Amino acid sequence: MLTPLIWFVGVFLQFLLLQRGIQAKWQRRFPLFYSYNLFVFLEDVSLFTLYKWLPLRYAQAYWICEFVGVVLGSLVVFEVYRVALRPYPGTARMARNLLGFVFALAFAKVLVNRSHGALWWPARDAAELERNLRTVQAFAVLALIIVILVYAIPRSRHLKGILAGYGLLLANSIVQLSLLSHLGSSFQSVLVYIQPFTYDIVLCIWTAALWSAEAERNALPDDSRDACGDHSRLVLRTKQALQSVRPGLPGMDRR
Amino acid sequence: MNMLLFFITALLLAWALVRFARVRNGRGFAALADPSGTSGRPEHLPAFDDREFQHLGDAIFSERDWNFIQKESSPSLERLFLQERRGVARHWLNDSVVRIRSIRAGHLRNSKYSENLEVFAEVKLLLLFVYLIALCQCLLLVVRFARPDTPRSLALHFQRTARRLMPVQDESLAKAGGEGSPR
């Protein structure tokens, strides 16, 4: 009784989110995010139908859908990066490098495992593979959050909601899939409740964040823009300013 | 062990999300560390002006005053001196942190618009900010538990780090000036 209820709430929230997005034309601003949600909505409905009519095919179909979901989820991260940092070329460049570093590390790990004769990715089953992919995504989201916070990038409620919801989804997935890999089938019976329930919470965050309209933010025309021409000059100016902050000590000549 | 790493990753992400949600729009990490913007400086104490700041920096970590007080051979005077000097040192160090944070905020405000941001130089500078602030916090800790002239070597290190920036700066400024001048 509880499983269909959780499932129904999820589908309802997803429908609400999509309907509101289409009504307000937000799918033009966040096409990848709404594509991801449309996919999950269709996935939920079709998997439930499959579970009812062809339960033997369910597990296979579930994991295929999960991997497509992981790929689409990566595009959501990319979309947040694109929308949030578009007006800030400097920060966008920093984020690109940081994300590149995260993906290079993941790639290096794959290569190292391969050279040791292990599998291309050290996963024993589909759950472990998904967990590993979600972990790479988690690091990408982490890098993005750090860049946004360090550079104090203004963010709309929509962006904040999308990133917070997706981040929560990733953190939950990593914990749940790790427990599934570790505890095996004994955790499976709990997971069938926890996983859709936590996804419902994520959907609540997204629906609340994307319910009301918010003006699209552009780069603030503050007085700092005069200095944005040359980065090396900016670095020099900052170093010069840092020179004034130092404990002066006897015997140390000043320049 | 492997599972623990995944749990740590999830926790790290959750922590970042909480911070992300708590920071007011358009403000960064600094706002979380110091919501008042005073960096722990007591509100009744004003900030130093630039001349005072340099002058006090020279005096606070010096051994001269302490040597002079010791010659008086008065334990109560020594106690009073230490109490007063610790207060001034703390105030001065807090002011240093405020200045460093303010320079960092100014730099980040500018560099986010920079079209030709040099990632390596930027990362080096950001690490330098972290290092200098951490060093000031260490000095604060030392001042709290030891004599104010004890962190002299740390302060010297701080001085040298700041000084190391100078030759690079001179060189680059000269280069920049040379490029701009008519030949």
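Residue numbers (the numbering used here), protein chains in the order written: chain A, 16 to 270; chain B, 8 to 190. The C-beta atom is built at its ideal place from N, Cα and C for all residues, glycine as well. From a predicted model like this one, the values you see are computed outputs, not experimental measurements.
So, helix, strand or coil for Asp59/A, using DSSP? Counting from one through the first sequence, the residue named residue 59/A turns up at place 44. The answer is helix: DSSP assigns Asp59/A an H, G or I state.
Inter-residue spacing [alpha-carbon to alpha-carbon] between Val86/A and Ile163/A: One-based indexing of the first sequence puts residue 86/A at position 71. One-based indexing of the first sequence puts residue 163/A at position 148. Whole-angstrom Cα-Cα distance: 23 Å.
Report the residue from Leu183/A, Pro169/A, Tyr166/A whose alpha carbon sits nearest the alpha carbon of Thr150/A. Your numbering for residue 150/A matches position 135 in the first sequence. Among Leu183/A, Pro169/A, Tyr166/A, the Cα nearest to that of Thr150/A belongs to Leu183/A.
For the candidate residues Leu57/A, Arg248/A, Val91/A, Arg252/A, whose alpha-carbon lies nearest to that of Gly180/A? Looking up residue 180/A in the first sequence gives position 165. Closest by alpha carbon: Val91/A.
Excluding the 5 residues flanking Arg86/B on each side, which residues of the same chain have their C-beta closer than 6 Å to its C-beta? Along the second sequence, one-based indexing puts residue 86/B at 79. Closer than 6 Å at the Cβ level, and outside the excluded window around Arg86/B, lies no residue.
For Leu1/B, does the count of other Cβ atoms within 10 angstroms reach 16, so buried, or fall short, so exposed? Residue coverage of chain B in this structure runs from 8 to 190, which leaves residue 1/B outside it and unanswerable.
Please identify, using Cβ separations under 7 Å, the residues of the stretch 97-117 of chain B that lie next to chain A, in order along the chain. Ser103, Arg106, Ile107, Ile110, His114, Leu115, Arg116, Asn117
From the beta carbon of Ser193/A, is the nearest beta carbon of chain B less than 7 Å away? For the purposes of this step, residue 193/A is taken as residue 178 along the first sequence, with counting starting at 1. Judged by the 7 Å Cβ criterion, Ser193/A is in contact with chain B.
DSSP-derived helix/strand/coil call for Ser201/A: For the purposes of this step, residue 201/A is taken as the residue at position 186 of the first sequence. Of the three classes helix, strand and coil, the one that applies to Ser201/A here is helix, per DSSP.
Backbone secondary structure at Glu229/A - three-state DSSP: In the first sequence, residue 229/A corresponds to position 214, counting from 1. Note: Glu229/A maps to coil in three-state DSSP.
Between Ala121/A and Phe13/B, what straight-line distance do the alpha-carbon atoms span, to the nearest angstrom? As a first step, residue 121/A is located in the first sequence; it is residue number 106 there, counting from the start. As a first step, residue 13/B is located in the second sequence; it is residue number 6 there, counting from the start. Spanning the two alpha carbons is a distance of roughly 14 Å.
Quick one: is Ile79/A buried, meaning 16 or more other Cβ sit within 10 Å of its Cβ, or exposed? Stepping through the first sequence from its first residue, residue 79/A is reached at position 64. Classification of Ile79/A: exposed, given that the 10 Å Cβ count is below 16.
For Ser61/A, count neighbouring C-beta atoms within 10 Å of its own C-beta (all shown protein chains included) and say buried if the count is 16 or more, exposed if not. Here the question's residue 61/A lines up with position 46 in the first sequence. So Ser61/A counts as exposed.
Report the neighbours of Met109/A on chain B: residues whose CB is nearer than 7 Å to its CB, in chain order. Walking along the first sequence from the start, residue 109/A turns up at place 94. Chain B residues near Met109/A: Leu124, Val126, Glu129.
To the nearest angstrom, how far is it from the Cα of Met109/A to the Cα of Lys119/B? Position 94 of the first sequence, counted from the start, is the residue given in the question as residue 109/A. Position 112 of the second sequence, counted from the start, is the residue given in the question as residue 119/B. In a straight line, the C-alpha of Met109/A is about 9 Å away from that of Lys119/B.
Please tell me whether Phe88/B has its Cβ less than 7 Å away from any Cβ of chain A. Locating residue 88/B in the second sequence gives position 81, counting from the first residue. For Phe88/B, the answer is no, since every Cβ of chain A falls outside 7 Å of its Cβ.
With a threshold of 16 other CB atoms inside 10 Å of the CB of Arg151/B, please say whether the residue is buried or exposed. The residue given as residue 151/B occupies position 144 in the second sequence. Arg151/B should be labelled exposed.
Provide the residue span of the alpha helix (DSSP H) that contains Ile168/A, from first to last. For the purposes of this step, residue 168/A is taken as residue 153 along the first sequence, with counting starting at 1. No alpha helix (DSSP H) contains Ile168/A, which DSSP labels as neither H nor E.
Pick from Asp215/A, Val217/A, Gly36/A, Tyr96/A that is closest to Asn112/A, judged by C-alpha positions: Your numbering for residue 112/A matches position 97 in the first sequence. The option with the nearest alpha carbon to Asn112/A is Tyr96/A.
Give me the residue from Thr18/A, Leu100/A, Glu58/A with the minimum Cα distance to Gln29/A. Taking the first residue of the first sequence as position 1, residue 29/A is located at position 14. Answer by Cα proximity: Glu58/A.
Starting from the C-beta of Ala99/A, find all residues in its chain whose C-beta is less than 7 Å away, skip the five residues before and the five after it, and write them out in chain order. As a working note, residue 99/A is residue 84 in the first sequence. Hits under 7 Å: Ile163, Ile168, Arg170, Leu174.
Determine whether the Cβ of Phe27/B lies closer than 7 Å to any Cβ atom of chain A. In the second sequence, residue 27/B corresponds to position 20, counting from 1. Chain A contact via Cβ: present.
Are the Cβ atoms of Ile21/A and Phe212/A separated by less than 7 Å? In the first sequence, residue 21/A corresponds to position 6, counting from 1. In the first sequence, residue 212/A corresponds to position 197, counting from 1. Closer than 7 Å, so yes.
Does any C-beta atom of chain B lie closer than 7 Å to the C-beta of Ala99/A? As a working mapping, residue 99/A is identified with position 84 in the first sequence. No, its Cβ sits nowhere closer than 7 Å to a Cβ of chain B.
Out of curiosity, what's the CA-to-CA distance linking Ala74/A and Gln34/A? Position 59 of the first sequence, counting from 1, holds the residue named residue 74/A. Position 19 of the first sequence, counting from 1, holds the residue named residue 34/A. Going by the C-alpha atoms only, they are around 29 Å apart.
Hey, is Leu132/B's beta-carbon within less than 7 Å of any beta-carbon in chain A? Numbered from its first residue, the second sequence carries residue 132/B at position 125. Yes, Leu132/B counts as interfacial toward chain A.
Quick one: what does DSSP say Ser109/B is sitting in, helix, strand or coil? Within the second sequence, numbered from 1, the residue matching residue 109/B stands at position 102. Helix, per DSSP.
Considering only the alpha carbon of each residue, which of Glu125/B, Leu20/B, Leu24/B lies closest to Gly176/A? Position 161 of the first sequence, counting from 1, holds the residue named residue 176/A. Closest option to Gly176/A, Cα to Cα, is Leu24/B.
Where Arg116/B and Ile189/A are concerned, what is the direct C-alpha to C-alpha distance, given to the nearest angstrom? The sequence position of residue 116/B within the second sequence is 109, counting from 1. The sequence position of residue 189/A within the first sequence is 174, counting from 1. Each residue's alpha carbon lies about 35 Å from the other.
Glu81/A vs Phe48/A beta-carbon contact at 7 Å: Within the first sequence, numbered from 1, the residue matching residue 81/A stands at position 66. Within the first sequence, numbered from 1, the residue matching residue 48/A stands at position 33. Result no, Cβ atoms of Glu81/A and Phe48/A do not sit closer than 7 Å.
Would Thr16/B be called buried (16 or more neighbouring beta carbons within 10 Å of its own) or exposed? Counted from its first residue, the second sequence places residue 16/B at position 9. With 16 or more other Cβ atoms within 10 Å, it is buried.
Buried versus exposed call for Glu79/B [16 or more other C-beta atoms within 10 Å across all chains shown]: As a first step, residue 79/B is located in the second sequence; it is residue number 72 there, counting from the start. Answer is exposed; the Cβ neighbour count stays below 16.
Drop a sphere of 10 angstroms on the beta-carbon of Glu229/A, count the other beta-carbons inside from all chains shown, and report buried for 16 or more, exposed for fewer. Indexing the first sequence from 1 puts residue 229/A at position 214. So Glu229/A ends up on the exposed side.
Contact check, Leu185/A vs Gln210/A, beta carbons under 7 Å: As a first step, residue 185/A must be located in the first sequence, where it is residue number 170. As a first step, residue 210/A must be located in the first sequence, where it is residue number 195. No. Outside cutoff.
Can you tell me the Cβ-Cβ gap for Val117/A and Ala158/A, rounded? I've got them flagged as a contact below 8 Å. One-based indexing of the first sequence puts residue 117/A at position 102. One-based indexing of the first sequence puts residue 158/A at position 143. Correct: roughly 6 Å between the Cβ atoms.
Residues of chain A with a CB under 7 Å from the CB of Lys78/B: which are they? What you label residue 78/B is simply residue 71 of the second sequence in a count that begins at 1. Residues of chain A passing the Cβ test: none, with the nearest at roughly 18 Å.
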